[in-house]
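Chains as they are written, first to last, in this note's numbering: chain A, 45 to 228; chain B, 45 to 228.
Note sheet for the following structure.
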DNA sequence: CCAGAGGTGAACAGATCGGTAAATGTTGAG
DNA sequence: CTCAACATTTACCGATCTGTTCACCTCTGG
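If you want it as structure tokens, here you go:
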């Protein structure tokens, strides 16, 4: 299987898992929707869990790339970027097919802390907060670590409520709280 | 089946769904762990989804009762109660078997907005925010509605991060943000 | 032309899924 | 004691689950 085909397989599997959930999406459906036979899939991924891990790696990379780039496009100071994150989130909430955070859902469906999927989901959040902390440091925040963690809480809360309420309002609400935090 | 037995069935099913997830918990396991035969279960709940709805009703009632009572015990002003919510959350995060919010997980596993389970999960959040808004009004907040929504974001973010990180830190971090909001 | 690599569909394990049928307790009221 | 109403056990249904096997197809390099 070429690198392209493999990437395409992971990309399409991502959409299926994102839309239907992990347990609720069978490998027969993955094979059918990707156009790759189950035999081939299992030649490249020993188990369903390994495919899910590959999907999460793709999601981690593409989501972080998208979010960080969008933050840079929307503002040119570190402080402005942290605030602009919530504008970027609002754009995401408005997208067709927005269904919440894939990593929160992965963590919810694979709760065992020893599970590689659970660990990888939290690793994504740690990478986000690390970036926030770097920006907070550049912005000369009093306590960059604490500020980054607080912004993470706001971001996750906004995503969860946006997904559950099927509205985008949470982005603005979270942004107004972030405004308080960054004003100091 | 007596009311006691029925309540006990729902209570034990709740633990199973909470610990293992909804899709990942089969009705055979529910029957085995509750000691109630599958035949009997299906005499009282037409489908698995109906059992899940009953479980969510129990969870909604008992969680709200617990949270609101704890908030009252920890503070005697409306403003203090809203802040004390995060101390109550920290207690919850420290409990053995804490696995995040059951309603977030229900919403993640049943994403269809037309699904009764999805609707009921969000209804729980609306009831919480209504209570927050009532307290915010009593506390004479400038914009009780907005404040209640912001506190909800903080609460949900804290729960998600506490569950994913397997630590309790998020409660204090959220509380310090809430402190900013309530100081105004 | 041929060997080998890699792909395919289809059938197949063996387990489990949600849900049901029928026969066998068990129990309490008259 | 008797009978009706209930609960239970046991087996079963068809569908689906993850994962494998197998016979076949197709392409490529030598």
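Glycine included, C-beta positions come from ideal geometry on N, C-alpha and C.
**Q.** Proximal chain B residues relative to residue 157 of chain A, where beta-carbon distance stays under 7 Å
**A.** 210
(Q) Quick check: what's the CA-CA separation for residue 183 of chain B versus residue 191 of chain B? (A) 11 Å
Q) When the Cα atoms are used, what is the spatial distance from residue 205 of chain B to residue 219 of chain B? A) 14 Å
Q: Please go through the same chain and pick out, in chain order, the residues whose beta-carbon is closer than 6 Å to the beta-carbon of residue 121 of chain A, but skip the five residues on each side of it.
A: none
Q | Alpha carbon of residue 227 of chain B to alpha carbon of residue 224 of chain A, nearest angstrom | A | 11 Å
Q) Any idea what DSSP makes of residue 94 of chain B, helix, strand or coil? A) helix
Q: Select from the region 200-225 of chain A all residues with a C-beta closer than 8 Å to any C-beta belonging to chain B, and list them in chain order.
A: 200, 201, 202, 204, 205, 207, 208, 209, 210, 213, 214, 217, 218, 220, 221, 224 and 225
Q. Going by C-alpha distance, which of A:140, A:136, A:134 and A:115 is nearest residue 128 of chain A?
A. A:115
Q.
Within the continuous alpha helix (DSSP H) that includes residue 83 of chain B, where are the two ends?
A. 82-88
Q: Check distances from the C-beta atoms of the region 134-159 of chain B to those of chain A and list, in chain order, the residues that come in under 7 Å.
A: 143, 144, 148, 149, 151, 152, 153, 155 and 157
Q | Test: residue 67 of chain B CB closer than 8 Å to a CB of chain A | A | yes
Q: Classify residue 106 of chain A as buried or exposed, calling it buried when 16 or more other Cβ atoms lie within 10 Å of its own Cβ.
A: exposed
Q.
Quick check: what's the CA-CA separation for residue 198 of chain B versus residue 212 of chain B?
A. 14 Å
Q | Own chain partners of residue 58 of chain A with C-beta closer than 7 Å, once the 5 adjacent residues on each side are dropped | A | 99, 102 and 103
Q | Straight-line Cα distance separating residue 48 of chain B from residue 75 of chain B | A | 16 Å
(Q) Check whether the region 150-162 of chain A and the region 155-163 of chain B touch, using three or more Cβ-Cβ pairs below 8 Å as the test. (A) no
Q. In or out: residue 133 of chain B buried (at least 16 other Cβ within 10 Å) or exposed?
A. buried
Q) On the three-state DSSP scale, how would you describe residue 186 of chain B? A) coil
**Q.** Beta carbon proximity, residue 92 of chain A to chain B, threshold 8 Å
**A.** no
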